[in-house]
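> Using this note's numbering, the letters of the sequence shown map in sequence onto residues 268 to 1524. For every residue, glycine included, the Cβ atom is placed at its ideal position computed from N, Cα and C. Take this structure first; my questions come after.
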Amino acid sequence: MLFKFYHSARFIRDRTTMSLMALSLIGLVWYVPYTWIKSKRKSVVAKFRVKMSGDGYWRLIREKVNAMALQASSTPLRRAVEIAVPPKGPVRGALVHAMLTGLAHSLGPGPWTEDERFQSALKRAFVDNGGRGFSQLELSESREALKQLGVAMAVPTTAVSWRRPSTPTRMAVHEITTLINRSGAEGFTVDRANLVRLVVNALDGPKGSSRDVATLVWGCGKLGVDLREELTPLVGPMAQLSSKDAAMVLWGWAKMASSASSSSSLQDTGEVDEPSSQDSGISRILEELPRIRSSFTGVELANVIWALARLRLFTPMFTTLLVQAADPPPPGDPAAVISPTGMSSITWAAGLARVSSGGEAPPLEVTKGLYHMTISSLHSMDPPCVVSAIWGLGSLGMLHTTGALPYQVVMAIEDSATAFDMDNLKSVLQFTWMDPSVTACLGPEVVYRLASSTQPPTWTRSIPQICLYLSRGALQTAVELAQAMQSYLDRHLTGIAPSSVDAARMVAAFSNLSYLPAASTMAKLRALAEDGASSFYPNTYCMYAIALAQLNQAGYQLPACEEHLTIGQACSLVWAGAVVLIQGIEAIIGRVVATTTKEDERPSLPFARQAIAGLWARGMADEARRLVSMYPAGTLSENPGSSSLHADISQTLRLMGYGSVRDEVEVCGVYRADVVIGDLSIVIECDGDVHYLHSAAAAGNNHILIGSSVIKDKALAQAGWKVVRVSVTAWKNCKDAAAKQAMLRRLLDRSSSSSSRQVGKEMGRTPEQMKSIVNKVVNEAWFDTIDSLRALGPEEWTDLKLPKRLEMALQARLFSTTTTTTINTSRTVQPAAATSQSGSSRQSPSTPASTGDPAQPEFTEVQMMPPATFLQSADNLFDMARKINTGSSAEGDEAGSADTLPLLLQIVDNILAQPSNPKRRRIRLRNQKFSTAVGGCKDAMEFLKSLGFHLYPPQDPQYVACPVVYISRFTDAHYALGGTKASLPNTPGVFNPFVSSIGAAGQVASAPRLTEKGLAEKEAFAKELEQQKLLLKTGGTKPGTMDLNPKVFRQGSATAGMPRIEDVVKELNGRSELLDQDDDFELIKAQLSSIKDSLTSADRAFQSREKKEMDKLKSRTIHTACVIRVAFPDRLVLQLQFRPADTLASLHDAVGKFLSPEYKETEWYLYQTPPMHKIDRSSKRMLADEDLVPSALIRWGFEGLSNGGVSVTEQGPFLDDKMVAAWLEPRSPLYDGPIRRFLIGAPTGARGPCSSRWRDE
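The following block contains the structure:
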């Protein structure tokens, strides 16, 4: 029925009017005829029957009705606003509630909500009024109605009655509650004087109930105003104390203490407050805790434990409450369950009790119980609660019990990384910086924040500590972090005033990152740190001194430390004092030296190494030796670990004629020199990037030695060693042995002392005999370089008064184009005149002749096997011989002639026949036969170089020579050049195991010849090997031929129709175990078969390396399909199938098909972690190239903005509804409300563990 509204009709039809008329006979006589005459009834016949709810019908007609209402007039709306919210007088919550709910159901959202009178009325009703006159239900429904209307207005959460309070305490409670409801408004401030007045008035009149006093204390704590002194007279005489009252009082008292504390961070182990004298006002509350603790709910228990920890009241009752919290709640009592937020507060409190001076660690059983409860609820916590939980577990020593962080902790950090503020990051890194997964996740986040040009973080004390923690960890972005720190300080250092400790921490962070900041930045940080350096804690002082030494701040004066130093800290300062000028270092050195006479006070090994190195660097050799003698031999030096680079340098030095060459030699008791030339007292250090500082001013050209290398050089120099540093990069850039020798010769000849010792050694003089000569030339005459000696004239040479023979030899060495070297089998340098000419000097007519020029080196060294770092393998010799034989040289290179192979074979056989004859190992380049057949063929010369031949002299080559003959190498060359075993020369005096064979008497085994048939078979086998590798890689399939077979799984609890990913993985793992058992059985069977064959077979066929590789490839499983699982932030996992040959671009295209329309337009990407590695969406690389076969789990992420610049939500759903329709029921819990993401991203709207809100019961 439809009625047209009239005021008179409403009055006549009102129930009150009808009741009055019925009671009055006169009115009834008039009322019945009047209503009969005025009433009109019309019937409407419906042609169709429509089944529709009222809400559905309203959605159909709402737009038309709203338009009609707006077009009619705005007078009814304004009238309704004036009635519900009058300009003066009290606000009636019932009227405001009725107006809002009516408007929400009738008009709905629209432009009318922007009316100025309407907005002013709402502000007066909710913001200025503070929730007075409303019931709790009216406030809740009014908030929902405003949401439906699309009006942004802060609605109070607590209702306040308009009834006049009965006591001054209750009046104060009403006023504070109103302030709390208004605290969310913009520009809100708390008037402390007004609060004090309210508390003073509450003391004058009748006392309120315990709940009123508890609410008053809670409200003051909520507002962050410290009124503990004023509230003590009210809290003391509280009667009939309940568990909730006690919890509210303790929580509010602790919050007031937090607001009064100067430290803003509660996770600071080094700055723990002591209990305050103002906390005596809650003594009665503490006395009542044993009586009421059993009635605490989960929320109350968590807040009481947090409050006691914040007040530093670590009493036996505190431990009792921890035991109560660690016990499982009784079944059937949901109020006793502790929420994840409460669990984080309890864990934080337990950790604070362990690290505080007045506290103690909880019992082990309690600690384990808290650990398991916290870990299990970590994924449900918001970011600040995650921080408190991690800090608490770290303080309890429970994070690294198994050597690595629990995966729940790592995943929680990854989830919340973007939501952490700088204080949160500092607290997390304090106990997790040593885990690579954490630094890989948080390192880029910190770099982005520091280097951000739009909104860089404001300066806090946490920034230096964050940088210090990250610099200690395993960072992949070390230089990027240092550059971000430099950029941040460049922009903000002039506007901030960091403390001395903060400046010292920043310097230490730069030191750990091996990065020298800009000169202005370094000077500013040093000036700030110097103001308070003398009052640093000893650990901070030593950290700062070591950092300055590592940054090579030579000559900087550091004030003396006023605190008492331990013996270990004194040792560290002795080490740093070798670079930095530390005041009072003499007394510190005297204390360290005095420990040599006291067995019980000697420092531990790490500190002893520092002290010994510092003493050597300062020239205190005797004191250093005494300290070394206190420890067992070999315990102080660095761990030996020779590398191929050291061996390569040693071998090159031996080829150059240097004797007594060793690598990894212990020197000074604490160091290991990379390479040592003993008779010349030269140490060669191989310098990589770790030996140099990255510099902001060098622009990538690192040339400043790090402090530890500087101190090592000083120590070695004081011990009598000359240090020569070889750049690893320059060494690797040397193309051949000649370039390496030239590089070493240039570095070693920079010192005139080394040249003088080398000449004297060649003349049969010992280093001790040459000491006076070196002292005269270098120390007295100051000719300490080769160039200075070359610049001397005849008269100046005479003035030196050197022995004539030495002078002539030294001049010949300085001005000659070649260096005379001699290498023999004993590996000692001999004078050229003393070298024995072994072997016959006769030459075959067909052998290229070489003259006995005395300027040529005499090579006689013979070895059986080449070193591990030799250039070529035996197989490559056959390949090189094949190229020479077939003439397949590169375009532009001269091919070999018919005499090339025979001449090479003759050279090899002649050397094998007389390996010690130096004339057989030297060939002049001008020899006509050699230059025609071999010298003009590049492949032939490469063949000789692969055997060890070199051009001499390197500056102006005259001949080729082989310094060292490797018998095995030349034997392989004999066979590669077509020689047979029968024609292999017999090497006199040398047992050649490479020509031995086992066979019947009278039989001679023939060596394989290099025939065309063999070459064809080898090429065919090589092609088959490549095909097998390709088959193993692609599975013999073509890209794009696999059905994707999409499936969706859920992480965590399973939903209707959707299996859990954990169940799927568990099932696959079970199948894998069965497969592994079958493989073990097959492996045992294969091993038994192999043993049987080896025992029964008399002769086994030889298998080459390629054949073994082919057998190994054929034994591997060929995968024709691969399964890729893509994890989304809403804990859904999309599973797709591909071919191994499919490309990464096809993977991105396939995933994009299943995304929701909202996210298809975003800048999304696929990545793997840890560490984070984005997969190139346009790459043509196969899935097998990225190790995604046979299965892999990758993750999906996005930048957060669509291509149009419109923000999108991070809550999902990320997959298309059509995709997940088969697995999700309508209104599934997965999409019912905010989602707690488990893989990536960070939740928003987080609250801290110590700001939990008390709600009405």
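Short of 7 Å in beta carbon distance, which residues of its chain neighbour L362, apart from the five on each side in sequence? Order them along the chain.
Mapped onto the sequence shown, residue 362 falls at position 95. Cβ neighbours of L362 beyond the five flanking positions: I350, A351.
> Measure the alpha-carbon distance for A775 versus S476 and round it to whole angstroms.
If you number the sequence shown from 1, residue 775 lands on position 508. If you number the sequence shown from 1, residue 476 lands on position 209. Distance between the alpha carbons of A775 and S476 is about 57 Å.
> Assign K1296 to buried or exposed, taking buried as 16 or more other Cβ atoms, counted over all protein chains shown, within 10 Å of its Cβ.
Along the sequence shown, one-based indexing puts residue 1296 at 1029. So K1296 counts as exposed.
> Could you tell me if Y301 is buried or exposed, where buried requires 16 or more neighbouring beta carbons within 10 angstroms of its beta carbon?
In the sequence shown, counting from the first residue as 1, residue 301 sits at position 34. Result: exposed.
> Does the separation of the CB atoms of L696 and Y755 fall below 7 Å?
Position 429 of the sequence shown, counted from the start, is the residue given in the question as residue 696. Position 488 of the sequence shown, counted from the start, is the residue given in the question as residue 755. Result no, Cβ atoms of L696 and Y755 do not sit closer than 7 Å.
> What are the boundary residues of the beta strand (DSSP E) that includes A1316?
The residue given as residue 1316 occupies position 1049 in the sequence shown. Ala is not the amino acid found at residue 1316; the sequence shown has Phe there. F1316 -> beta strand (DSSP E) spans 1314 to 1317.
> To the nearest angstrom, how far is the alpha carbon of S975 from that of Q1435?
For the purposes of this step, residue 975 is identified with residue 708 of the sequence shown, where counting begins at 1. For the purposes of this step, residue 1435 is identified with residue 1168 of the sequence shown, where counting begins at 1. The straight-line gap from Cα to Cα measures roughly 37 Å.
> Could you tell me the alpha carbon to alpha carbon distance between E1466 and N806, rounded to whole angstroms?
As a first step, residue 1466 must be located in the sequence shown, where it is residue number 1199. As a first step, residue 806 must be located in the sequence shown, where it is residue number 539. The alpha-carbon atoms of E1466 and N806 are separated by roughly 43 Å.
> Quick one: using the 10 Å Cβ neighbour count with 16 as the cut-off for buried, is A459 buried or exposed?
Numbered from its first residue, the sequence shown carries residue 459 at position 192. This sequence places Arg at residue 459; Ala is not what is there. Label assigned to R459: exposed.
> Measuring alpha carbon to alpha carbon, tell me which of R1012, C935, C1001, P870 ends up nearest R208.
Any answer about residue 208 is impossible in this case: the structure gives the chain only from 268 up to 1524.
> Any Cβ of chain B within less than 7 Å of the Cβ of P583?
No chain B is present in this structure, which holds just one protein chain.
> Does the separation of the CB atoms of D1452 and P1306 fall below 7 Å?
Translated into the one-based positions of the sequence shown, residue 1452 becomes position 1185. Translated into the one-based positions of the sequence shown, residue 1306 becomes position 1039. The answer is no: Cβ separation not under 7 Å.
> Quick one: using the 10 Å Cβ neighbour count with 16 as the cut-off for buried, is Y1226 buried or exposed?
Residue numbering aside, residue 1226 sits at position 959 when the sequence shown is read from its first letter. Classification of Y1226: buried, given that the 10 Å Cβ count is 16 or more.
> In whole angstroms, what is the alpha-carbon distance linking T1304 and V1400?
For the purposes of this step, residue 1304 is identified with residue 1037 of the sequence shown, where counting begins at 1. For the purposes of this step, residue 1400 is identified with residue 1133 of the sequence shown, where counting begins at 1. Going by the C-alpha atoms only, they are around 26 Å apart.
> Relative to the alpha-carbon of W988, which residue among Q1036, S694, V942, R579 has its alpha-carbon at the smallest distance?
As a working note, residue 988 is residue 721 in the sequence shown. W988 has its Cα closest to that of V942, out of Q1036, S694, V942, R579.
> Checking the sheet assignment: what are the DSSP bridge partners for C220?
The structure shown does not extend to residue 220, since the chain is modelled only from 268 to 1524, so the question has no answer here.
> Can you tell me which of Y823, S802, E868 puts its alpha carbon nearest to the alpha carbon of W830?
Taking the first residue of the sequence shown as 1, we reach residue 830 at position 563. Reading off the sequence, residue 830 comes out as Glu, not Trp. Measuring from the Cα of E830, the nearest candidate turns out to be S802.
> Alpha carbons only, please: which of D1454, K1427, K1381 is nearest the one belonging to H1389?
As a working note, residue 1389 is residue 1122 in the sequence shown. Contrary to the premise, residue 1389 reads as Cys rather than His in this sequence. The candidate whose alpha carbon is nearest that of C1389 is D1454.
> Which two residues bound the contiguous beta strand (DSSP E) that contains T1429?
Taking the sequence shown and counting its residues from 1, one reaches residue 1429 at position 1162. Run containing T1429: 1429 to 1435, per the beta strand (DSSP E) assignment.
> Could you pull the DSSP bridge partners for C953 from this structure?
As a working note, residue 953 is residue 686 in the sequence shown. BP columns for C953 point to V993.
> Between the alpha carbons of P629 and A620, how many angstroms are there, rounded?
As a first step, residue 629 must be located in the sequence shown, where it is residue number 362. As a first step, residue 620 must be located in the sequence shown, where it is residue number 353. Straight-line Cα distance between these residues: approximately 8 Å.
> For D1206, does the count of other Cβ atoms within 10 angstroms reach 16, so buried, or fall short, so exposed?
For this step, residue 1206 is matched to residue 939 along the sequence shown. It counts as buried.
> Straight-line CA distance for F1216 to V991?
Taking the first residue of the sequence shown as position 1, residue 1216 is located at position 949. Taking the first residue of the sequence shown as position 1, residue 991 is located at position 724. F1216 and V991: Cα-Cα distance of roughly 28 Å.
> For the alpha helix (DSSP H) holding L367, just list the boundary residues, first then last.
Taking the first residue of the sequence shown as 1, we reach residue 367 at position 100. Looking at the DSSP string, the run of the alpha helix (DSSP H) that includes L367 is 360 to 373.
> Report, in whole angstroms, the separation of the C-beta atoms of L894 and L912, which I expect to be a contact under 8 Å.
The residue labelled residue 894 in the question sits at position 627 within the sequence shown. The residue labelled residue 912 in the question sits at position 645 within the sequence shown. About 32 Å separates the two Cβ atoms, so there is no contact after all.
> Using only alpha-carbon positions, find the residue among L1244, L517, K693 that is nearest to F1145.
Locating residue 1145 in the sequence shown gives position 878, where the first residue counts as 1. Nearest C-alpha to F1145: L1244.
> Taking only runs of the alpha helix (DSSP H) that begin and end inside the region 633 to 712, which ones reach a length of at least 4 residues, in chain order?
Runs of the alpha helix (DSSP H) inside the region 633 to 712: 650 to 662, 674 to 683, 689 to 699.
> Buried or exposed: T668, going by 16 or more other Cβ atoms within 10 Å of its Cβ?
Position 401 of the sequence shown, counted from the start, is the residue given in the question as residue 668. Label assigned to T668: exposed.
> Ordered along the chain, which non-local residues of its own chain (more than five positions away) have a Cβ less than 8 Å from that of V1418?
The count along the sequence shown starts at 1 and reaches residue 1418 at position 1151. These residues qualify, in order along the chain: V1393, L1401, L1403, L1433, W1463.
> For a quick check, are the C-beta atoms of L416 and T368 less than 7 Å apart?
Locating residue 416 in the sequence shown gives position 149, where the first residue counts as 1. Locating residue 368 in the sequence shown gives position 101, where the first residue counts as 1. No. Outside cutoff.
> Terminal residues of the continuous beta strand (DSSP E) containing E933?
Taking the first residue of the sequence shown as position 1, residue 933 is located at position 666. Counting along the chain, the beta strand (DSSP E) containing E933 begins and ends at 928 to 934.
> Could you have a look at W1463 and say whether DSSP puts it in helix, strand or coil?
Translated into positions along the sequence shown, residue 1463 becomes position 1196. Correct three-state label for W1463: strand.
> Within this structure, are the beta carbons of V847 and Y811 separated by less than 7 Å?
Taking the first residue of the sequence shown as 1, we reach residue 847 at position 580. Taking the first residue of the sequence shown as 1, we reach residue 811 at position 544. In this structure, Y811 does not lie closer than 7 Å to V847 by Cβ.
> Over the uninterrupted beta strand (DSSP E) stretch that includes L1218, give me the two end residues.
As a first step, residue 1218 must be located in the sequence shown, where it is residue number 951. Start and end: 1217 to 1219.
> Report back the beta-carbon spacing between P1407 and T1308 to the nearest angstrom; my notes put them in contact at under 8 Å.
Sequence index remark: in the sequence shown, residue 1407 carries index 1140 (1-based). Sequence index remark: in the sequence shown, residue 1308 carries index 1041 (1-based). That pair is no contact at about 11 Å.
> By Cβ distance below 8 Å, which residues in the same chain neighbour V934 in space, the five residues on each side in sequence not counted?
Walking along the sequence shown from the start, residue 934 turns up at place 667. A940, V943, V950, L983, A986, W988, listed in sequence order.
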